[in-house]
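Notes follow the structure.
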Amino acid sequence: MTKIRAAITGVHGYLPEYRLTNKELESIVDTNDEWIRTRTGITERRILKGEGKGTSVMGIEAAKGLLEKTNTDPKDIELVICSTVTGDMVFPDTANLIAKGVGATNAFSFDVNAACSGFLFGLQTASMYIESGRYKKILFVGADKMSSIVDYQDRATCILFGDGAGAVLLEPTTEEGVGIQDAFLRSDASGVEYLHMKAGGSARPPSIETVQAREHYAFQNGRPVFKAAVSGMSDAITKVMQRNQLSVDDVAWVVPHQANIRIIESVARMADFPLERVMVNIQKYGNTTAATIPLCLWDWESRLNKGDNLILTAFGGGFTWGAIYLKWAY
Ligand code: UT7
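Residues in the sequence shown are numbered consecutively from 532, following my numbering.
Structure (structure tokens):
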């Protein structure tokens, strides 16, 4: 029997208008444009402004654009998945709000929380539903409003993050040479001490003390995360390439999570990959967590060809990490 695979049949993104430049950050924390550019590769990031506007606002915009450009009737969507660590509320799921916002009234929905690896974990989850043969149209969104959990008094962290959303449509294919081929995913909670948000969950519910201690912001100890990110992503790329007998020349593009240009360069070097075939847009958007990979695919969409081999890779809080090998479908 021919194997059913999941294919990405459309991609779209949304970025809020407001540009938070390095220059503006100089007026907020003790930093400077030169340090940020040379240490991270970031020039500006987008920020979602407006009282009461959460991650779903961006997810809905990205998803609406996607449904329109792929001529998809929202009522045909059977499942909506949203990867995010900055859901509008603790519950209900942001995917639920996105489904309502786009009119996906026949879908069920849920969120995936894998921090910066969210796009990989969600994509593999969606892919399994398609491969089961029971689902034909899945809307998958990676979206984060990082500005809502960034401490603008912590100069080592606040310069990194931005807001954004990316959405993909997943459909089944039996065509040879397209679709999601393989995934290598891992998680290890021994990394929790280096990257987490302490309060607001059931272990430390919100209180005056947690607010005063600034525990509702993302905490990061950058150096150990940097090291683990480089080794985790290069190892995942190597594993996926080896078990699919792929050489560097076989791969059209590596699509890495955008956390720091120096991490991306180190991963490319360790995996022996020329930087010309590594997608980088961190300078424009910073780290948008679950949205970085779909925003890269969106930015590069016109340069991708059917059958191109892509390796997506990410590393994030948890720790979580991995790589997905897919053949571009259109
Ligand atoms: O996506 C989720 C996973 N996250 C990541 O992958 C992020 C991984 N980590 C990183 O990208 C980097 O570790 C950072 C960008 C967070 C920090 O860069 P670094 O090269 O590791 O710098 P550092 O923390 O070792 O700090 C070097 C110096 C320190 O000063 P001293 O102690 O050498 O005097 C910092 O205080 O740079 C200082 N510094 C800054 N200076 C100006 C830290 N942040 C800033 C800043 N502006 N914004």
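Even glycine gets a Cβ: it sits at the ideal position worked out from N, Cα and C.
Counterpart residues of residue 688 in DSSP-defined beta bridges: Its beta-bridge partners do not exist; DSSP assigns none.
Might you give, ordered along the chain, the residues of its own chain that have their beta carbon closer than 7 Å to the beta carbon of residue 825, omitting 5 neighbours on each side? Within the same chain, residue 825 has close Cβ partners 542, 544, 650, 673, 697, 698, 699.
Spell out whether any CB of chain C is found under 8 Å from the CB atom of residue 664. Here chain C cannot be found, since the structure has a single protein chain.
Report the rounded CA-to-CA distance for residue 689 versus residue 669, giving the unit in angstroms. Between the alpha carbons of residue 689 and residue 669 lies a gap of roughly 33 Å.
Based on Cα-Cα distance, which residue from 618, 635, 601, 620 lies nearest to residue 610? Across the set 618, 635, 601, 620, the C-alpha of 635 shows the shortest separation from the C-alpha of residue 610.
Best match in 789, 788, 787, 768 for proximity to residue 779 [C-alpha to C-alpha]: Comparing Cα-Cα distances from residue 779 to each of 789, 788, 787, 768, the minimum goes to 768.
Tell me the residue span of the beta strand (DSSP E) that contains residue 712. In the DSSP annotation of this structure, the continuous segment of the beta strand (DSSP E) that includes residue 712 starts and ends at 710 to 718.
Taking the beta strand (DSSP E) that residue 535 falls in, what are its first and last residues? Secondary structure note for residue 535: it is in no beta strand (DSSP E), with a DSSP letter that is neither H nor E.
Endpoints, beta strand (DSSP E) assigned at residue 843: Taken as a continuous stretch (DSSP letters only), the beta strand (DSSP E) holding residue 843 covers 840 to 847.
Residue 792 vs residue 811 beta-carbon contact at 8 Å: It is a contact, given that the beta carbons lie within the stated cut-off.
What is the rounded straight-line gap between the Cα of residue 503 and the Cα of residue 737? Because the chain here runs from 532 to 861, residue 503 falls outside it and cannot be looked at.
Helix, strand or coil at residue 749 [DSSP, three-state]: Note: residue 749 maps to coil in three-state DSSP.
DSSP three-state label for residue 766, please. Residue 766 sits in a helix when the DSSP states are folded into three classes.
Please state if the CB of residue 581 and the CB of residue 613 are separated by a distance shorter than 8 Å. At the C-beta level, residue 613 and residue 581 stay beyond 8 Å of one another.
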